Amino acid sequence: MPKLMLLGDEALAQGALDAGISGFYGYPGTPSTEIIEYAQRSKQAAENNIHRTWSSNEKTALETALGMSASGKRAMVTMKHVGLNVAADPLMNSAITGASGGLIIAVADDPSMHSSQNEQDSRYYGHFAMIPVLEPGNQQECYDMAFYGFELSEKYHIPVLLRLTTRLAHSRSGVITKEPIPQNKMRKPEDMYQFMLLPAIARKKYQHHLELQNNFLAEAENSLYNVYEGEANSKKLGIITTGLAYNYLREAFKGEKIPYPVLRIGQYPIPEKQIHQLYDSCDELLIIEEGMPIVEEQLKGLAFPCLKPIHGRLDGYLPRAGELNPNLVAKAFLMPDTTGKPVPEIVVGRPPALCVGCPHSDTFLSLNEVMAEYGRGNVFSDIGCYSLGFMPPYNTINSCVDMGASITMAKGAADSGLFPAIAIIGDSTFCHSGLTGLLDCIYDKANVVIIILDNSTTAMTGGQNYTGYGKLEDICSGLGVEKEHIRVFVPLKKNYPEIINIYKEELAYKGVSVIIARRECIQTLKKKNKMETEE
Amino acid sequence: MKQDIILAGVGGQGILTIATILGTAAINRGMNLKQAEVHGMSQRGGDVQSHLRLSDDPIWSDLIPFGSADMILSVEPLEALRYLPYLKEDGWIISNSTPFKNIPNYPPEEDIYKEIRKIPNYVLFDADTLAKEQKANRSMNIVVLGAAITHLGFTLEEIEEAIKVIFAPKGEAIVEANLRALQAGMAAN
């Protein structure tokens, strides 16, 4: 079979394609974006007519994937960890409806917050929803677990959560592929009650879900992905690893045999049988997990500590925050430090910045001129490239909380009397989570100015399409913004007098104004021009 | 053979192309490979790095441990210094000397060169000018790769083979420009 060099994200996508998937759904978010991008580029996906467009947000994506599963076909939904918060409602409920065709919810976590607002661990959501969780430890497992995940999902009619982390999602290695299998045939659910969560039905289904827990535990205890390496020289310590931690452990011991018994977890719920075996045979345990200390917490119990010491992220053997690496793991074994020379003092940071020629730059600088008389603290912003407008030389924006929060926070501030209350939101973000907030503003006739930065793309994640493209004025007017208060300008230096005039006019209006700053992202424009010259 | 390489630069300078070329050459030899990349926010003009690990033996970690990189291969001098904690005692720095200044507080070049020269094994040279001389303006990254070939234990032919395969879809002229850039870099070593 062929060996491909794939990112973890790509290996998962290729695995899904070979495992007979019929549709990918998702919203772009680092480090998950490359799963769908790979499927979009794939010739195999095109030939087999696999659905693979972006959704408005993670909630619509998961619900759409659930619909495809309900129709008997295999589907995958992809997102980053914070996106799972947006999709939390259908996640919790799909655990109760269950799936029909295989349904994998692939979530890429970002410990160390390389490109994120927090470092939450999606395994907690899997635990919360009480569904099986798979956690690949390398690129080959990303590929293989697509097959296994769909099978497990169809065996118990349950969505399966597959958790990646940045370092695996964005690292490349050789992957051996299998013979592709055909897609499922379309079929309606046999049970017309399955996706009907009226309370009386939901109670029964919840009971059934609880009864399934023993099966999920048995599957985990017998899983190929939960490996117990019990033969060891010393039983002083037992080690539990999850995700990439096993790789760092082997690296710390330079590829030599580990002197202690090791349990490697790749499938949840946590395999109790193997954990008891390890606990009973060792004096102490060390838990090395990528992300938050969920296994460690489950083992410790809060009120009644174990009789034997359990070490990990909670007692300082490993840092409480951030992703792991081989040195941190080695340190937990008190191995000597191998760090090379320190970074010389002259080395300064090179933080990310708005690209030269970025349209947001002109929107920010012109807005600063108008805002000079009000001081800082009036401009609420959102998640996207434009959050860099916080940095000098702009210092324009004062908030960045979650997708869509710019509009609703500005409304809340206006409700408390702040003037002016300005929201800045990207075009893709507006379609992801801004629409309902805008509706709130219109309902309450809030005195807000909403600036939509329309650069025709989801720029932060590399230029993906989005669902409201070309329709922003229609959407705003349809929701109820008065036509004369939907203003559009082109963010360019030569237009500053016009732009500033628009800002001033809309600030003077007591009600909802939407100002659309429209100029294409400099990066997607460059890419297009390059493609044209190469053709 | 085992090579742990930190590829360093600023977003858009072409370090992932270097990784692809070295990776292809390694796979042609039947070696194992792991390559951790940086995506997302950092690519907006920030510092970027890639951990490239090549080995005849199995490779465990996607990340290179501190103090064990055989080489820092940098297309920008300041970025070469940012990853010194990864470099092992007798490791090499191969770096372009042309700065990429997109920050207001970029340190004086001479101070940067002074720090690089403190490393026992280094090659510091103006890859931008060499690329221009070869009429291969956009192949500065390949010039830097050229200077690293022998220290990595590859032959010129192995790397040339990889370049031919990777750039073939872009046409003969691009392939030729990159081969010229590679040879110029190798001669500069």
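In order, the protein sequence lines correspond to chains A and B. Numbered according to my numbering, the first sequence spans residues 509 to 1043. Numbered according to my numbering, the second sequence spans residues 635 to 823. Cβ coordinates follow ideal geometry from the N, Cα and C atoms, glycine included. The structure presented is a predicted model; accordingly, all values stated were derived computationally and were not measured.
Distance between residue j and residue i (C-alpha atoms, nearest Å)
i, j, result
"A670 of chain B", "H819 of chain A", "29 Å"
"M899 of chain A", "V1020 of chain A", "28 Å"
"C893 of chain A", "P999 of chain A", "16 Å"
"K808 of chain A", "R663 of chain B", "48 Å"
"V956 of chain A", "T944 of chain A", "15 Å"
"M587 of chain A", "A616 of chain A", "6 Å"
"L757 of chain A", "Y740 of chain B", "38 Å"
"I915 of chain A", "L946 of chain A", "7 Å"
"E555 of chain A", "R549 of chain A", "11 Å"
"G819 of chain B", "A583 of chain A", "49 Å"
"G970 of chain A", "K781 of chain A", "45 Å"
"A708 of chain A", "L669 of chain A", "27 Å"
"C939 of chain A", "N565 of chain A", "8 Å"
"P754 of chain B", "N666 of chain B", "29 Å"
"L592 of chain A", "V641 of chain A", "14 Å"
"Q522 of chain A", "G531 of chain A", "13 Å"
"G865 of chain A", "Q1031 of chain A", "9 Å"
"G920 of chain A", "L926 of chain A", "9 Å"
"I1010 of chain A", "H673 of chain B", "37 Å"
"I727 of chain B", "I706 of chain B", "5 Å"
"V1022 of chain A", "G805 of chain B", "48 Å"
"K686 of chain A", "D526 of chain A", "7 Å"
C-beta contact flag for residue i and residue j at 7 Å
i, j, result
"I783 of chain B", "I793 of chain B", "yes"
"S985 of chain A", "K991 of chain A", "yes"
"V709 of chain B", "N775 of chain B", "yes"
"F734 of chain B", "V644 of chain B", "yes"
"M911 of chain A", "S889 of chain A", "no"
"R675 of chain A", "M513 of chain A", "no"
"A569 of chain A", "Y546 of chain A", "no"
"N963 of chain A", "P867 of chain A", "yes"
"E643 of chain A", "T750 of chain A", "yes"
"L688 of chain B", "A714 of chain B", "no"
"I1007 of chain A", "S874 of chain A", "yes"
"I746 of chain B", "P711 of chain B", "yes"
"L822 of chain A", "P801 of chain A", "yes"
"S695 of chain B", "L641 of chain B", "no"
"Y825 of chain A", "L771 of chain A", "no"
"A1025 of chain A", "T871 of chain A", "yes"
Residue i Cβ short of 6 Å to the ligand PLP heavy atom set
i, result
"Q702 of chain A", "With respect to the ligand PLP, the structure shown offers nothing to examine, as it has no ligands at all."
Cutoff 7 Å: residue i Cβ touching any chain B Cβ
i, result
"R858 of chain A", "yes"
"N835 of chain A", "yes"
"T673 of chain A", "no"
"P767 of chain A", "no"
"N755 of chain A", "yes"
"S679 of chain A", "yes"
"K586 of chain A", "In the sequence under discussion, the amino acid at residue 586 of chain A is Thr, which differs from the Lys named in the question. Chain B contact via Cβ: absent."
"I854 of chain A", "yes"
"K849 of chain A", "yes"
"T871 of chain A", "no"
"A583 of chain A", "no"
Buried or exposed by the 16-neighbour rule on C-beta atoms within 10 Å, applied to residue i
i, result
"F636 of chain A", "exposed"
"E831 of chain A", "buried"
"I750 of chain B", "buried"
"R772 of chain B", "exposed"
"K663 of chain A", "exposed"
"A815 of chain B", "buried"
"A929 of chain A", "buried"
"A654 of chain A", "buried"
"V856 of chain A", "exposed"
"H678 of chain A", "buried"
"I639 of chain A", "buried"
"N833 of chain A", "buried"
"H589 of chain A", "buried"
Chain A contact for residue i (CB, 7 Å cutoff)
i, result
"K668 of chain B", "yes"
"F788 of chain B", "no"
"H673 of chain B", "yes"
query = At which residue ranges does the segment 526 to 552 of chain A contain complete beta strand (DSSP E) runs of 3 or more residues, listed in the order of the chain?
reply = 529 to 534
query = At which residue ranges does the segment 646 to 688 of chain A contain complete beta strand (DSSP E) runs of 3 or more residues, listed in the order of the chain?
reply = 668 to 673, 679 to 684
request  = Return the residues of the segment 746 to 780 of chain B that lie within a Cβ-Cβ distance of less than 7 Å from chain E, sorted by chain order.
outcome  = Protein chains A and B are contained in the structure displayed, whereas chain E is not.
message = Could you tell me which whole beta strand (DSSP E) segments of length 3 or greater appear in the segment 723 to 774 of chain B?
response = 755 to 759
inquiry  = Going residue by residue through the segment 904 to 955 of chain A, where are the continuous beta strand (DSSP E) segments of at least 3 residues, counting only ones entirely within it?
reply    = 929 to 934
query = Which ranges would you report for the alpha helix (DSSP H) in the segment 583 to 653 of chain A if only whole runs of at least 4 residues count?
reply = 589 to 594, 596 to 605, 631 to 637
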